[in-house]
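Working notes, beginning with the structure itself.
Protein chains in written order, with our numbering: chain A, 17 to 310; chain B, 452 to 724; chain C, 29 to 345.
Now the structure itself:
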């Protein structure tokens, strides 16, 4: 007597193979779904905004008249924010990563800081906004100025920079620091002259990605209270400002009042996306160009 | 102990006499013990390494030979949980003393590693690294040191036209000679070599061996090797390590032609290890 | 001395120069001792941030609970902060948050995991190397852009099919938020699935199982804690998401389950109140912190759970 009836197996096998092919197709469609939405989003934004995007728009001042409105103020504001975010996150982020990877003794304290950083990475950005409002704007009495916004965004993206810098430092092969110690170099000389230069491309790539996150952040800025009014261009860290995402936010909200505002928002989105695209290209370029093969 | 006394007597002899068969010791190791956390890796080591000689350290894997030479420049301390007892005297100072700055020690005792490990910098910067970290910044002097060191490692002619290119563009054998040149740049008294040819092809190995022969004129060299022919070819004295102990230490000729210990004989004739 | 033998070679005597320089080295000795402490101070900034968040949120929230009893806050279904007799029930906000999160996960969960299956089990190396970065672009688009998209494209699209849907509603931002979270779930689940050892798959293939059967009977069960961890992180992300819901879901504080209506989430409430420039010290100002503290605890729990699950997964392999 046979336990396996080959005819039945054969018949079932065909169904099983067919199921496999059908599901494979569905899985592929799912993967493409996100990309299709992405394409629709981009096409939609570009078709709405491209006609409004010209040199006058980029270099113009804010105005309630859609035909005259420009975003130079927002571009300057975003640039000023970055002038705070870049040095602050690099300094604190790389410093923390060096401490955790090269100086801290493995153990409870190191784990504690690492857990803390991963928790911070999961805190919603709006909560950072409230922290910035309470500490920088009110307690330290900066007001809703560039410095307050920049520091808030710095704290927000700090975990990204720390983790990226940690990974970059960990990827530097041990034999390089051994060679340096073998020459009689001190620990800090080895860190400064061998480990950090070798980790630099990785650190920069991570920082640029963190920066692009900061550039697009809106929620913390709304909490800090960025004015939607016509304000003078920022000229220092202690001036009020507006930023590209805030401009998009206000124009989107008011699109139900003045329908052209939607096109202005779309045009501003194009500027923002192009900026992000450029930043990411630089990151990829750095990663490919300066990656050392040992 | 008796050996130590003999060396001291020889010291006296050098000062008074012109004809010196025996040379002074650069390293005197006395009753050295070393533990990695729980493992007893080196047991009661007594060795005296002579100036301007090539001392080979041989033995099967895990016998402690690498650990031993990494103790000579205290690189072994980079491994967490290492403890030592006993003493290693370098120029009459105990280097295992906490007050002995490791940076000073490693400036005077250079090291060449198993795998070539140039820095991902230009050839020039690789050589200039040592002098620079010790405070030499004058460009002219650095140029001079770079050329002299590269010549000393017999690689100058191969790289002189591309000093500013990345060191990783060199072949493995060239990289290792560059690492030796890097070591020479701070003019150490001793060069430690931890299986320097194990990652290289036979031709590059031969060049390194020739280089070692040349360097012996000016430097004291300790070389760990698992290649017994290599030890026989290039060394003046050989120490045979087994299970963390020195089984035999003598002139290389004697070790390879007439070993006193049967375990040495077994090892060099390839019966184990 | 050993060093004097090579004087014939060159005028430069490196050894002497180094010895010379060493005497001046006391300063660098100081640096060497000072650096670790300095770095420790920098590293503790991240701890200070956490402490700062907790202190700010909870001290102000406690002030709030002195005015509005904590019980009333967490069970109240009416939220009327601006009214003459204000009421501060947080349930409408929690409700709005959970509903938008639920809608988002209804999109991101299935699509994310099916993408992960495709990328991990079916796609060739070449296809994966093209698709994965493309998918990750979705994660890099600023949320304000998604908000704009939800408000000016998805909502009108839904309304053209179902006219009864409001101009602001929770459905549209929920769906768009789902799209935003797809890459997160796809990428983390794919990592979990591709770290399942191949030997397990081979065992099933050798018995004549198809790829589909192997995926569902071997790979997914083996990668389950990793996959769940990615879901939990997705949920946490949706709970904390702000701009999409602020723009597209409006600010009515309805306590309802009707997804065609406008609802407010916790995050959107914080934006609304703080942009309204609530005077410091007022009840409505303190309510910001009570809501934010609630939000913070929600996401913190989710993150801890996600980390626990992914650690459990890593321990298994």
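Even for Gly, the Cβ is constructed at its ideal location relative to N, Cα and C.
Exercise. Return the residues of the stretch 189 to 202 of chain A that lie within a Cβ-Cβ distance of less than 9 Å from chain B, sorted by chain order.
Key: Answer set for the stretch 189 to 202 of chain A: 189, 190, 191, 192, 193, 194, 195, 196, 197, 198, 199, 200, 201 and 202.
Quiz item: Taking DSSP as the reference, what is the three-state secondary structure of residue 89(A)?
Solution: Correct three-state label for residue 89(A): helix.
Quiz item: Looking only at C-alpha atoms, which of 239(C), 265(C) and 291(C) sits nearest to residue 34(A)?
Solution: It is 239(C).
Exercise. Starting from the C-beta of residue 555(B), find all residues in its chain whose C-beta is less than 6 Å away, skip the five residues before and the five after it, and write them out in chain order.
Key: Within the same chain, residue 555(B) has no close Cβ partners at all.
Exercise. Take the Cβ of residue 664(B) as the centre, count every other Cβ of all protein chains shown within 10 Å, and call the residue buried at 16 or more, exposed below.
Key: Per the 10 Å Cβ criterion, exposed.
Self-check item: Same chain, Cβ closer than 6 Å to residue 698(B), neighbours up to 5 away in sequence not counted
Solution: If we look at residue 698(B) and ignore the five residues flanking it on each side, its Cβ neighbours are 691, 712, 714 and 715.
Quiz item: Can you tell me where the beta strand (DSSP E) with residue 650(B) in it begins and where it stops?
Solution: Segment: none, residue 650(B) is in no beta strand (DSSP E) and carries neither H nor E.
Exercise. Using a Cβ cut-off of 8 Å, pull out every chain C residue sitting near residue 140(A), in sequence order please.
Key: Using a Cβ-Cβ cut-off of 8 Å, residue 140(A) is close to 267, 268, 269, 270, 295, 323, 324 and 327 of chain C, given in chain order.
Quiz prompt | Euclidean distance between Cα positions of residue 506(B) and residue 642(B) | solution = Rounded to whole angstroms, residue 506(B) to residue 642(B) spans 10 Å at the Cα level.
Self-check item: Rounded straight-line distance, which links the Cα of residue 501(B) to that of residue 472(B)
Solution: Residue placement at residue 472(B) is poorly supported in this model, since its pLDDT is 49, which falls under 50; the coordinates still yield a value, given next. C-alpha separation (whole angstroms): 12 Å.
Exercise. Starting from residue 267(A), follow the alpha helix (DSSP H) in both directions and report where the run begins and ends.
Key: For residue 267(A), the enclosing alpha helix (DSSP H) has its first and last residue at 260 to 269.
Quiz item: Any idea which residues DSSP pairs residue 693(B) with across the strands?
Solution: Answer is 696(B), bridged to residue 693(B).
Self-check item: Near-chain C residues of the stretch 260 to 272 of chain A (beta-carbon distance less than 8 Å), N- to C-terminal order
Solution: Going along the stretch 260 to 272 of chain A in chain order, one finds 261, 264, 265, 268, 269, 271 and 272 with a Cβ nearer than 8 Å to chain C.
Self-check item: Counterpart residues of residue 506(B) in DSSP-defined beta bridges
Solution: DSSP output for residue 506(B) lists 673(B) and 688(B) as bridge partner(s).
Quiz item: Roughly how many whole angstroms lie between the Cα atoms of residue 277(A) and residue 299(A)?
Solution: Approximately 33 Å between the Cα atoms of the pair.
Quiz item: Just reading off the alpha helix (DSSP H) that residue 577(B) is part of, what are its end residues?
Solution: That run of the alpha helix (DSSP H) goes 574 to 584.
Exercise. Identify the contact partners of residue 308(A) in chain B, using a Cβ-Cβ distance below 9 Å as the criterion.
Key: Chain B residues near residue 308(A): 571, 617 and 619.
Quiz item: With respect to the alpha helix (DSSP H) encompassing residue 127(A), which residues constitute its N-terminal and C-terminal limits?
Solution: Bounds of the alpha helix (DSSP H) holding residue 127(A) are 124 to 137.
Self-check item: Contact under 8 Å by Cβ, residue 675(B) with residue 702(B)
Solution: Between residue 675(B) and residue 702(B), the C-beta gap is not smaller than 8 Å, which leaves the two residues out of contact.
Practice problem: Give a yes or no on whether the minimum CB-CB distance between residue 582(B) and chain C is below 8 Å. | Solution: Yes, contact with chain C.
Quiz prompt | Contacts that residue 214(A) makes with chain B (C-beta to C-beta distance below 7 Å) | solution = Going along chain B in sequence order, the residues near residue 214(A) (Cβ under 7 Å) are 571.
Quiz item: Does any CB atom of chain A fall closer than 8 Å to the CB of residue 694(B)?
Solution: Chain A contact via Cβ: absent.
Quiz item: Which of the residues in the stretch 184 to 213 of chain C, read from start to end, lie with their CB under 7 Å from any CB of chain A?
Solution: Against chain A - using a Cβ distance shorter than 7 Å - the residues of the stretch 184 to 213 of chain C are 207, 210 and 211.
Quiz prompt | Continuous alpha helix (DSSP H) stretch holding residue 72(A): start and end | solution = Where residue 72(A) is concerned, the enclosing alpha helix (DSSP H) stretches over 71 to 75.
Quiz item: Does any C-beta atom of chain A lie closer than 8 Å to the C-beta of residue 168(C)?
Solution: Using a CB distance cut-off of 8 Å, residue 168(C) counts as an interface residue toward chain A.
Quiz item: Between which two residues does the beta strand (DSSP E) carrying residue 498(B) extend?
Solution: Where residue 498(B) is concerned, the enclosing beta strand (DSSP E) stretches over 490 to 501.
Quiz item: So what does DSSP say about residue 538(B), is it helix, strand or coil?
Solution: In the structure shown, residue 538(B) adopts extended strand secondary structure according to DSSP, grouped into three states.
Practice problem: Kindly identify the DSSP beta-bridge partner or partners of residue 563(B). | Solution: Listed as beta-bridge partners of residue 563(B) by DSSP are 644(B).
Self-check item: 8 Å Cβ cutoff, residue 305(A) in contact with chain B
Solution: Output row for residue 305(A): interface = no.
Practice problem: Would you mind giving the Cβ-Cβ distance between residue 144(A) and residue 71(C), rounded to the nearest angstrom? I have them listed as a contact below 8 Å. | Solution: Actually they do not touch by this definition, with Cβ atoms about 19 Å apart.
Exercise. Ignore the nearest five residues each way along the sequence and tell me which others in residue 188(A)'s own chain have a CB closer than 6 Å to its CB.
Key: Excluding residues up to 5 positions away in sequence, 211, 214 and 215 lie with their Cβ nearer than 6 Å to the Cβ of residue 188(A) in the same chain.
Exercise. Using a Cβ-Cβ cut-off of less than 9 Å, list which residues of the stretch 71 to 87 of chain A approach chain C; keep chain order.
Key: Within the stretch 71 to 87 of chain A, contact with chain C at the beta-carbon level (separation under 9 Å) is assigned to no residue.
Quiz item: So what does DSSP say about residue 638(B), is it helix, strand or coil?
Solution: Note: residue 638(B) maps to coil in three-state DSSP.
Quiz item: Taking one C-beta from the stretch 169 to 182 of chain A and one from the stretch 126 to 141 of chain A each time, how about it: are there three or more such pairs within less than 8 Å?
Solution: A contact is defined here as three or more CB-CB pairs under 8 Å, and the stretch 169 to 182 of chain A meets this definition with respect to the stretch 126 to 141 of chain A.
Quiz item: What do you reckon, are the CB atoms on residue 271(C) and residue 234(A) nearer than 8 Å?
Solution: Taking 8 Å as the Cβ cut-off, residue 271(C) and residue 234(A) qualify as a contacting pair.
Quiz prompt | Nearest neighbour of residue 616(B), chosen from 549(B), 569(B) and 707(B) [CA to CA] | solution = Comparing Cα positions, the closest option is 569(B).
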